[in-house]
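Line order of the protein sequences matches chains V, B, U and S. Read in order, the letters of the first sequence correspond to residues 1 to 286 in my numbering. Read in order, the letters of the second sequence correspond to residues 287 to 572 in my numbering. Read in order, the letters of the third sequence correspond to residues 573 to 858 in my numbering. Read in order, the letters of the fourth sequence correspond to residues 859 to 1144 in my numbering. All C-beta atoms, glycine included, are put in the ideal place defined by N, C-alpha and C. Computed from a predicted model, the values in this text were never measured in an experiment. Here is the structure we will look at.
4 protein chains.
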Amino acid sequence: MNKSVCDVPMRTSFPVPERVDRKNNPEGSVISIKGNDIGGKGVIIIAGPCAVESKEQLFETARKVISDGARILRGGAFKPRSSPYSFQGMGEEGLKLLNEISSETGMPVVTEVMDTRQIELVSQYADMLQIGSRNMQNYPLLKEAGHSKKPILLKRGMMATVEEFLLAAEYILSHGNEQVVLCERGIRTFETSTRNTLDLNAVPMLKNLTHLPVIVDPSHGTGLRWMVPAMAKAAIAAGADGIIMEVHYSPETALCDGQQSLSPDEFAILMSDLKKIALAVGRDIL
Amino acid sequence: MNKSVCDVPMRTSFPVPERVDRKNNPEGSVISIKGNDIGGKGVIIIAGPCAVESKEQLFETARKVISDGARILRGGAFKPRSSPYSFQGMGEEGLKLLNEISSETGMPVVTEVMDTRQIELVSQYADMLQIGSRNMQNYPLLKEAGHSKKPILLKRGMMATVEEFLLAAEYILSHGNEQVVLCERGIRTFETSTRNTLDLNAVPMLKNLTHLPVIVDPSHGTGLRWMVPAMAKAAIAAGADGIIMEVHYSPETALCDGQQSLSPDEFAILMSDLKKIALAVGRDIL
Amino acid sequence: MNKSVCDVPMRTSFPVPERVDRKNNPEGSVISIKGNDIGGKGVIIIAGPCAVESKEQLFETARKVISDGARILRGGAFKPRSSPYSFQGMGEEGLKLLNEISSETGMPVVTEVMDTRQIELVSQYADMLQIGSRNMQNYPLLKEAGHSKKPILLKRGMMATVEEFLLAAEYILSHGNEQVVLCERGIRTFETSTRNTLDLNAVPMLKNLTHLPVIVDPSHGTGLRWMVPAMAKAAIAAGADGIIMEVHYSPETALCDGQQSLSPDEFAILMSDLKKIALAVGRDIL
Amino acid sequence: MNKSVCDVPMRTSFPVPERVDRKNNPEGSVISIKGNDIGGKGVIIIAGPCAVESKEQLFETARKVISDGARILRGGAFKPRSSPYSFQGMGEEGLKLLNEISSETGMPVVTEVMDTRQIELVSQYADMLQIGSRNMQNYPLLKEAGHSKKPILLKRGMMATVEEFLLAAEYILSHGNEQVVLCERGIRTFETSTRNTLDLNAVPMLKNLTHLPVIVDPSHGTGLRWMVPAMAKAAIAAGADGIIMEVHYSPETALCDGQQSLSPDEFAILMSDLKKIALAVGRDIL
């Protein structure tokens, strides 16, 4: 028998950036959003519409998801759209609606900032700032997020390696803000049957390398509503600290991402399934 | 508010090949390997070493995995290796060892065929024939597999779309063999921290499109032993009908893929965790 | 003979955004930077260091490249870096140096803007604003670029499709600025022997779809100095309207991208080779 | 100024396999196909239909391409098709037609082998054996090609790294056959506007690492007839030793790959353009 070394192609290994390194906090960081912990024993559910479209749409959706167990409301007021002719979001009017429903329900709100000039404004209305995939390497924005007092939800760029994702988080920590939650939301590959390829390998990899909490977005990670439940379950089984999902009170009429948004009824059913998976991995849904 | 259509980039949709189409068997096909069903309510576990290296290695590993609940033994006698200077497998001697331990334990065996000329030989010793990733589009081999009476384990090419994967299966069915099990084993992407990107999106997608059973290989899908448990759990949560894993009685000395092989003790622990996930999704481990 | 349709997998086709569509200007747009035309019969050469590091470095490099035929000077004052601990550029001090050498030599200057808040400042010193790969989908920045009077050099995102690249340009045009030059600079793929995969297919594809000029960056497209000449020649043969290259008076000591920067002597030799290729395709070097 | 090392992500470097290593033959190997040298000063043109479809189709196309300067005829008798329902080639009948036109014209013939069992048969009729992209890691086939006396045209797998491509060639050399020509034919990426992404970076990279000749296939590399001329020119400018192209006497009625096949008239025009590029890089068309 011809004895020889294994020919698994060697892949790049890399130094973990110093502040995000798990060594600094082997237990894992817990980021609290108005009393809702991300990164602890409980698994957090963040839900809401892709974009804020109207008071009725937002409020009705928010009341449904909160009653079914979501702990944080998502909804975009400033929307990054591939085409300049697509709906760009309601802007400050949308922020005010988010703030109003948040005050009414006590549910904290996460919403996207796309521009350094928006951070101050958005911070007046939101409890957590999202930096979206297309801005994961927008370094001026990361630096400003580092100067913010708000927790940051940092989504992985659709083209970003795990190393680059950690370096982007390091930008925020190194500028002074340690409250960062990482979100895997699908990467771009050759596969075309799904909108993105949800890289769940990244969940245990990130949990191993960094102390920051890691959540998963199966809505963008699949692009298909009927696949969201399977992949939300898989994400929790893989070790995710939470799920962020698009839910719309009427997905067929959504101005954005309707084909990947759950209806409130679908969301309610999913919540009970997620609880079973969480228990099976020794956790619970927050 | 500027109303406009959603700008999710449209992705290719494709016609499902006729024989693999789920419409032909909405309940899903069940493939039985010596009484072990793949595709039914139970989740099947296939385990064993990457390559057959010696009688001691194979037999000791096999006895361990069977005692912990694996139902089918895997092990390569003919190995596809990137380098001509790597260990190429024990060949027929390896097949004989597989057959011997199979007779002793009653556990059926799956092993790889790489060449049309090997099918007859391998069929004398094995219960199921594996067509590996690098041969997913080896059409003469697919045609011969179609003429075989043995069940086929068809692994997704590391560069193959879901459409191409189904077309490869269609080759086998259209040549007469309907006993095909599909295996997602990771695709090649830009990410380098893991050996491959395990595409769990493919699990619900395939289950939706085809009646064929779908299993997952987290060993190749991650390339890292410590990630196998998390991704095996995620695969079952996503709806996989089984898991195929590399287990080696002494991973440190393995001639092939040691860094992604579980030790028997790790495998035993994982089996009890997988049972919990299977129950959480309304199934059981076979 | 079994007659059947061809099985080339169908790929996505897409509507060309209205303002960038070649139909609006079948001859092709010519963008003039202080009298240096991009998109006409002549092929333009843009050269200079990755980053402005010092007066000596910039001025010495600039004088060399101008004497060898470069028509526009490149050099970064604000640098997007993966790591927060890497050199981030000289900022306004760098802009002043660019402006000083530009005044001295009459050579126009292109430099990067990364933040909406930088546009006004950079516009005081530069003749052309570069939007880098990581900001290709930074929509607030694209909109501000659309309000600018300066010509824009828009680099393709490293994981952007041709469709998304054209939509990004459409953002700029639809906000009022028609002076946009597109730059192919390599995409991210599974290949690791080069820094990026230079997608020269994109050159004839873009020239066919849009009236905007298209240039190529073989420095980022390869990441390797010794490959730059071959790929610069290939780019012109493929139909590019210009080349942008990194040249450093002392690549070994560069603070950024030294391994992909040409020395002035290498640049001089390349210029004479490029002239031959330009003539072979019926053009000339400007 | 904050001095720091450059943050270009480090990419994998790899050991060049021993027999293909350029060190063994710094001048570069020249492979002669019936007196037509590949890898010398001249650039070789290989042309012909995707598949042999009929005597008339093959003979008429062959006579045209030979009269316009092609030196080797290509044409598939055994065709690897994604779908089992697509035309699979004429088989031995096609080989006989290739042999007949070759005898008539003196033009050598290259055709694909897909199965170890076909090598002997195909070798009776062809002057050079092609191993296609889908079989680049079909190791039994590579080994048999290594035992053959015929020169081998080895196409890069659509998702193979440069390292894996060289290892595949090493299989052939290490089994005894040193007459191997490498062919870049496009890789699979996220881009969907072209059939594949032609990786011309691979041309200088391969020429640098190995002594084997390197040719380029712009037909498969683009999938679009109108892009073939631009990319054939680019390939020669990048340093390719030859071009292999699909030409069909009536592309509209082709059974395979009609949309990427040149008409004879388009081929004739392209040949004169390629000559200019070859001269511009100090070579000539053979």
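Item to complete: Below 6 angstroms CB to CB, which residues in the same chain sit around residue 981 of chain S once its five sequence neighbours on both sides are set aside?
Response: 1008
Worksheet item: Using a Cβ-Cβ cut-off of 6 angstroms (strictly less than) and excluding sequence neighbours within five positions of residue 718 of chain U, which residues of its own chain qualify?
Response: 744, 747, 748, 749
Worksheet item: For a contact meaning CB atoms closer than 8 angstroms, what does residue 1089 of chain S contact in chain U?
Response: 772, 773, 776, 810
Discussion item. Strictly below 8 angstroms CB to CB, what residues from chain V border residue 445 of chain B?
Written reply: 190
Discussion item. Would residue 1081 of chain S and residue 1052 of chain S qualify as a contact pair, given that the criterion is a beta-carbon distance under 9 angstroms?
Written reply: yes
Item to complete: Starting from the Cα of residue 588 of chain U, find the closest Cα among U:629, U:833, U:784, U:806 and give me that residue.
Response: U:784
Worksheet item: Roughly how many whole angstroms lie between the Cα atoms of residue 628 of chain U and residue 675 of chain U?
Response: 16 angstroms
Worksheet entry | Start and end residues, alpha helix (DSSP H) containing residue 647 of chain U | Per DSSP, residue 647 of chain U belongs to no alpha helix (DSSP H) and is neither H nor E.
Worksheet item: Are the beta-carbon atoms of residue 646 of chain U and residue 682 of chain U separated by less than 9 angstroms?
Response: yes
Item to complete: Compare the C-beta of residue 687 of chain U against all C-beta atoms of chain V and say whether one is closer than 9 angstroms.
Response: yes
Worksheet item: For a contact meaning CB atoms closer than 9 angstroms, what does residue 710 of chain U contact in chain V?
Response: 80, 114, 115, 134, 135, 138, 141
Item to complete: Pull up the distance between the alpha-carbon of residue 600 of chain U and that of residue 964 of chain S, whole angstroms please.
Response: 46 angstroms
Practice prompt. Label residue 1137 of chain S either buried or exposed according to how many other C-beta atoms from any shown protein chain fall within 10 Å of its C-beta, with 16 as the threshold for buried.
Written response: exposed
Practice prompt. Give a yes or no on whether the C-beta atoms belonging to residue 487 of chain B and residue 507 of chain B are separated by under 9 angstroms.
Written response: no
Discussion item. Just checking: is the beta-carbon of residue 1051 of chain S within a distance shorter than 9 angstroms of some beta-carbon in chain B?
Written reply: no
Discussion item. On a Cα-Cα basis, can you pick out the residue from B:402, B:430, B:426, B:439 that is closest to residue 414 of chain B?
Written reply: B:439
Worksheet item: Does the stretch 880-894 of chain S touch the stretch 915-923 of chain S, meaning 3 or more C-beta pairs lie closer than 8 angstroms?
Response: no
Practice prompt. Mark residue 951 of chain S as exposed unless 16 or more other C-beta atoms lie within 10 angstroms of its C-beta, in which case mark it buried.
Written response: exposed
Fill in: Which of helix, strand or coil DSSP assigns to residue 160 of chain V
coil
Practice prompt. Tell me whether residue 391 of chain B sits in a helix, a strand or coil according to DSSP, three-state version.
Written response: helix
Fill in: C-beta neighbour in chain B for residue 268 of chain V, strict 9 angstroms
no
Worksheet entry | residue 548 of chain B in three-state terms, based on DSSP | strand
Item to complete: Quick one: measure Cβ to Cβ for residue 686 of chain U and residue 650 of chain U, integer angstroms, because I've assumed they're closer than 8 angstroms.
Response: 5 angstroms
Fill in: Alpha-carbon to alpha-carbon, residue 477 of chain B and residue 1074 of chain S
27 angstroms
Worksheet item: Taking the continuous alpha helix (DSSP H) assigned at residue 1036 of chain S, which residues delimit it?
Response: From DSSP, residue 1036 of chain S is part of no alpha helix (DSSP H); its letter is neither H nor E.
Worksheet item: What distance in whole Å lies between the Cβ atoms of residue 185 of chain V and residue 155 of chain V, which are believed to be in contact at a cut-off of 8 angstroms?
Response: 5 angstroms
Practice prompt. Measure the CB-CB distance between residue 496 of chain B and residue 453 of chain B and report whether it falls below 9 angstroms.
Written response: no
Worksheet item: Between the stretch 731-751 of chain U and chain V, which residues of the former have CB atoms less than 7 angstroms from a CB of the latter, in chain order?
Response: 731, 736, 739, 742, 743, 746
Worksheet entry | Beta-carbon neighbours of residue 508 of chain B, restricted to chain V and to distances below 9 angstroms | 201, 204, 205
Discussion item. Closer than 7 angstroms between beta carbons: that is the criterion. Which residues of the stretch 492-503 of chain B meet it against chain V?
Written reply: none
Fill in: Proximity to residue 712 of chain U [Cα-Cα], best of V:96, V:80, V:97
V:80
Worksheet entry | residue 1003 of chain S: first and last residue of the uninterrupted alpha helix (DSSP H) it sits in | 997-1005
Worksheet item: Mind pulling the chain U residues with CB within less than 7 angstroms of residue 84 of chain V?
Response: 742, 743, 746
Worksheet item: Taking Cβ positions only, does residue 831 of chain U come closer than 9 angstroms to chain V?
Response: no
Item to complete: Locate the alpha helix (DSSP H) running through residue 916 of chain S, then write down its first and last residues.
Response: 913-925
Worksheet entry | Of the residues U:598, U:619, U:611, the one placed nearest residue 843 of chain U, counting alpha carbons only | U:619
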